[in-house]
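Take a look at the structure below.
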Amino acid sequence: MIYFDNSATTKPYEEVVDVFVKVTNNYFGNPSSIHKLGGESEKLLFQARKVIASILQVKDQEIIFTGSGTEGNNLAIKGIAMEHKNRGKHLITTMIEHASTINTFKQLEKLGFDVTYLPVNQQGIISLTDLERAIREDTILVSVIHVNNELGSIQPIAEIGTLLKKYPKLHFHVDHVQGIAKVPLAIEKCNIDLLTCSGHKFHGLRGTGFLYKRSGVKLSPLFTGGSQEMKLRAGTENVAGIVSMAKALRISIEKYKEKHQEIVQIKNWLMEQLAEVDGVELNTPMEQSAPHIINISILGIKPEVFIHALEKHDIYVSTKSACSSKQSEVSHVLLATGMDENRAKSAIRISFSYQNNLEEAKVFMEVMKKELRQLKKIMGS
Amino acid sequence: MEYNHILIRYGEIGLKGKNRKMFIERLFKNIKVAVKAFPNVKPTMTRDRLFIELNGEDHEAIATKLEKVFGIHSFSLAVKVESDIEEIKKAALSALLNVGKPVNTFKVSAKRPNKTFPVRSQEMNYEVGSYILRNTENITVDVHNPDIDMKVEVRDAFTYITCGDYKGAGGLPVGVGGKVMVMLSGGIDSPVAAYLAMKRGVRIEAIHFHSPPFTSERAKQKVEDLTSVLTEYGGKIKLHVVHFTEIQKMIHQTMPANYSMTIMRRMMLRIAEEIANVNNAKAITTGESLGQVASQTLDSMYTINEVTNMPIIRPLITMDKIEIMDISRKIGTYDISIRPYEDCCTVFLPSAPKTKPKRENANRYEQNAEFEALLKEAVNNVETIEITNETKVEDQQFEDLF
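Residue numbers (UniProt numbering), protein chains in the order written: chain S, 1 to 381; chain A, 1 to 402.
And the structure:
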């Protein structure tokens, strides 16, 4: 099997699954119970928080465990909107956010908030001038995706952070779901107030995630209930999921050091090869893009057909974001970069992890070329 | 050119006369321990400054460590260049550009301890300043309220350029003033007291009273975690856990309820004094604040204090709860302190503890029970845990899970 759909989800590391099973079996106490069993679960929870905080070089109490990236984005965005709406009702985001961000903002618009969606250039990058122009007296939040999940384009988070420092009343949220363990980000240096991550994008399990919240930042919770997670995320903690996520993050960061160059190499090689193929357009920019995502358009061929053609060979790629790929409309991200509808409609996303190698890329290229020839014959182009 | 040095200024210890050398050497040692995790840095010591050569290590991470070292008045990121006016100008420009925040205005303040340097300070302000103005856009000089106050110090063959200071922790280097025994309960106050004691240059050891099964492992863990935070300021710390259950039971069974808290405090103090003696500590530190609870009234303190003539240092004695909480948040103990477990001060708390207990009554009641043997046993069976900064992240029990 060649699995090139790692931006949709990653295969959990074996060690991660083992830890999940062990913790589920041996430490099943509720961390809020005051007996010894509860105490042990709670201790595990503290330790998971410590491990993650120390990897991110932030304070323990700045990590809030969530159930997914979507939840993290919702908690950050709605949390700020609801908590600070008396100070202002203007929010800023970009046109190329993940569905969990865009739709959250759409919902807030219905509740009377005013949202500015920043445009991007051909490379899928926003302009700092646009951002600064958009900021108003009543702006309370700027939310930006770090690495775009479809294109792989990287937003200039450090520069945005420096700019926003001039507006101390404003909060800065970063969707780091695709970036973590792939494109480093110095959270404190970039003046980030909130940052979303999701476990299953770095070989952890689904149903896990965390939100970094700088200490001092006030949020309104999405769920009310018990006092878990500093009262920001009520509900009995998924201890096994959380512990296994900490493990997954730790392994992924180690792999980053070991294997980062290798996936950069795979990406560069594939970009070169793909550029040569007739009818293929590279959508991912060469500069300022993440090492694990390549987006291309194959003109004249329906992406779904191409995906099924590859899956016969046990090769897996995807169209746009998995969270939106079953909807028939054209990717809003690709359209935002100014490409025409035809090209945007025929996009394919190839995404790697540190488990892939160059051999797989070579096989992929061969199969792809062969299948393209076949398909073109049948489709008559 | 990147920042390649950190320049550290002494505060109070600069005034220390003949003992100055001893203070500085201790500070130097403490700094070395604080930056141990960065193998390439090289701290060096001169008469009135300490320098850390960064050799490519992350200066922000090191700054975070230095902010916790007592005895440092302030420190600055510095570019070290040869004392050559052209080199100085270039370095000054890049220092300004690498400062990591938006700069609209600046000023240059040159100093010339090396009087053989041909360009005088006033001229240098002008030369360096105009070089920066020529090579930047939208940046102007403001001598009254600049975003960046750039200091250029020409010392011998080398010149140091800094842009702004980090505030140090102040106080005296931990270890110059002997050792105190801190009574650490797990609440908000006592870790703050420990921190403030260390600020005055003393090394600490901690005592915690543990009463299983009335108090849980989690309460003990909490104190270990608090101690671990304190090690960031004072290096490794010994935590003495006293098993206090039998004494508490005895107090509960034999003492009048309204005096039980007073007697318990007296027992704790007797044990603390004994452990302090064994470990060569010359004082006991507590988190008491005048008037906060029944045991912290003047009458209570007078009665409790009777059992020891060891100095008791109470750094929080005149502070408000709010002030104490602020420090606790700042030093990183607050979130641990508010974990809601019973400790031995709360388990047996009588409904109406005496706020004005009398020494003679306490003495009389104590004679009604045999505490001697129990006290001895508690001291002999103390469990001592050595806590270092590294124990913090890793916990052996769960090692394989992370």
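Built from N, CA and C at the ideal position, the CB exists for glycine as well.
Please return the same chain residues whose Cβ sits closer than 6 Å to the Cβ of residue i, not counting the five positions on each side in sequence.
| i | result |
| --- | --- |
| P119/S | M95 |
| K16/A | F23 |
| M267/A | I247 |
| D165/A | S74, S76 |
| A63/A | Y166 |
| H144/A | none |
| H90/S | D114, R136, D138, T139 |
| I242/S | A48, F65 |
| E360/S | I2 |
| K125/A | Checking the displayed sequence, the identity of residue 125/A turns out to be Asn instead of Lys. V108, A110, listed in sequence order. |
| E341/S | V330 |
Could you give the distance in angstroms between the alpha-carbon of residue i and the alpha-carbon of residue j?
| i | j | result |
| --- | --- | --- |
| N135/A | L282/S | 40 Å |
| R218/A | T346/A | 15 Å |
| G56/A | I6/A | 12 Å |
| T70/S | L195/S | 12 Å |
| I188/A | V293/A | 13 Å |
| A281/A | V223/A | 20 Å |
| T24/S | Q397/A | 16 Å |
| K392/A | S228/A | A caution first: K392/A carries a pLDDT of 49, below 50, which makes its placement in the model too unreliable to give a value. |
| M264/A | V152/A | 60 Å |
| I148/A | V69/A | 25 Å |
| C197/S | N309/A | 56 Å |
| N86/S | E127/A | 50 Å |
| N40/A | L54/A | 7 Å |
| T208/S | L298/A | 53 Å |
| K354/A | R49/S | 42 Å |
| G39/S | Y27/S | 10 Å |
| L66/A | S346/S | 55 Å |
| D193/S | I157/S | 12 Å |
| A336/S | Q178/S | 19 Å |
| K36/S | T215/A | 11 Å |
| E14/A | L374/A | Note that residue 14/A corresponds to Gly in the displayed sequence, not to Glu. When rounded, the distance between both Cα atoms is 49 Å. |
| S318/S | I307/S | 7 Å |
| S185/A | D225/A | 12 Å |
| E399/A | A181/S | 22 Å |
| I34/S | K22/S | 22 Å |
If contacts are defined as beta-carbon pairs under 8 Å, then residue i and residue j qualify, I think. What distance do you get, rounded to the angstrom?
| i | j | result |
| --- | --- | --- |
| K78/S | T104/S | 6 Å |
| E23/A | V176/A | According to the sequence displayed, residue 23/A carries Phe and not Glu. So it is a contact: roughly 6 Å between Cβ atoms. |
| Y3/S | H203/S | That belief does not hold up - the Cβ atoms of Y3/S and H203/S are roughly 12 Å apart, past 8 Å. |
| V241/A | E383/A | 4 Å |
| T162/A | A78/A | 5 Å |
| residue 386/S | L270/S | Nothing about residue 386/S can be reported from this structure: the residues present for chain S run from 1 to 381 only. |
| I253/S | V58/S | Not confirmed; about 14 Å, so no contact. |
| H173/S | I140/S | Not really, about 11 Å apart at Cβ, beyond 8 Å. |
| V144/S | Q155/S | 5 Å |
| N114/A | R155/A | 6 Å |
| I132/A | L93/A | 5 Å |
What residues match up with residue i in a beta bridge as DSSP calls it?
| i | result |
| --- | --- |
| F75/A | I8/A, Y166/A |
| H90/S | D114/S, T139/S |
| F38/A | According to DSSP, which records beta bridges pairwise, F38/A is partnered with nothing at all. |
| E66/S | The amino acid at residue 66/S is misidentified as Glu; the sequence shows Thr. The partner list for T66/S (beta bridge, DSSP) reads G209/S. |
| H190/S | Here the sequence assigns Cys to residue 190/S, which means His is not the residue at that position. In DSSP, C190/S forms no bridge with anything. |
| residue 408/A | The requested residue 408/A does not occur in the structure, where chain A is confined to residues 1 to 402. |
| H332/S | Bridge partners of H332/S: none, in fact. |
Ordered along the chain, which non-local residues of its own chain (more than five positions away) have a Cβ less than 8 Å from that of residue i?
| i | result |
| --- | --- |
| V192/A | G287, P315, L316, I324, I327, S328, I331, T333 |
| A275/S | L282 |
Tell me which residues share the same chain as residue i and place their Cβ nearer than 7 Å to its Cβ, disregarding the 5 neighbours each side in the sequence.
| i | result |
| --- | --- |
| F244/A | F209, H210, S211, C344, A378 |
| H313/S | V367 |
| E15/S | K247, I251 |
| N381/A | H243 |
Should residue i be listed as close to the ligand NAD, given that the test is whether its C-beta is under 7 Å from any heavy atom?
| i | result |
| --- | --- |
| A8/S | Because no ligand of any kind appears in the structure shown, any question about the ligand NAD cannot be addressed here. |
Should the stretch 351-359 of chain A be called in touch with the stretch 303-314 of chain A, which here means at least 3 C-beta pairs below 8 Å? yes
Taking 8 Å as the cut-off, does the stretch 109-129 of chain A touch the stretch 33-50 of chain A (at least 3 CB pairs, one atom from each stretch)? no
Quick check: the stretch 148-166 of chain S against the stretch 120-137 of chain S, are there 3 or more CB pairs under 8 Å? yes
At a cut of 8 Å, does the stretch 252-260 of chain A reach the stretch 359-375 of chain A through at least three beta carbon pairs? yes
Using 8 Å as the threshold, is the stretch 204-211 of chain A in touch with the stretch 102-113 of chain A, meaning 3 or more CB pairs across them? no
For the stretch 46-66 of chain S against the stretch 241-256 of chain S, do three or more pairs of beta-carbon atoms, one drawn from each stretch, fall closer than 8 Å, so that the two count as touching? yes
Assess, as a yes-or-no matter, whether the stretch 345-358 of chain S is touched by the stretch 283-293 of chain S under the definition of 3 or more beta carbon pairs within less than 8 Å. yes
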